[in-house]
């Protein structure tokens, strides 16, 4: 992937060590799966192919994902390939509450201050990711069709040869 280059606003784009572009980074609250369903702060890193959720104390080290130290194992990745929708549930007080619905049916609840727009940013990046995947699928299908067309003339000439009885 190319090195960081200036974004529209002039600031250099942030990249993770693995080359993924960071579109947004900040604290978000996730509802826990436990019995009490408490809201827990998470560092949220929005990339071009998903959302990384890290414990807030890893704020300065989002590149520690998958492997490495003890807290790195607590990194959770919500990949756009496994994401179905982002539903805005309600705006209440200073928070907007939204749910990320995964393809296997799991629902993950989040909240953030209304002015941060996390739900819109996640939705936008998810749609762009799915569009890129659809374009790649179409290109792949066209390439396969072109290969078949190239192979078929040779096969047709074999079929059109006169058969000896």
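Numbering (UniProt numbering), first residue to last: 1 to 165.
In this text, a Cβ means the ideal position worked out from N, Cα and C, and glycines have one as well.
The closest CA to that of residue 109, considering only 43, 116 and 99, is found on 99. Collapsing the DSSP output to three states places residue 87 in a strand.
The Cβ atoms of residue 27 and residue 43 lie closer than 8 angstroms to each other. Sorting 115, 83, 81 and 106 by C-alpha distance to the C-alpha of residue 97 places 115 at the top.
Around the beta carbon of residue 46, 16 or more other beta carbons sit within 10 angstroms, so the residue counts as buried. Between the C-alpha atoms of residue 125 and residue 101 there is a straight-line separation of about 15 angstroms.
DSSP places residue 113 in the strand class (E or B) of the three-state scheme. When DSSP states are grouped into helix, strand and coil, residue 99 belongs to the strand group.
Excluding its 5 nearest sequence neighbours in each direction, residue 103 has C-beta neighbours in its own chain below 6 angstroms: 82 and 84, listed in chain order.
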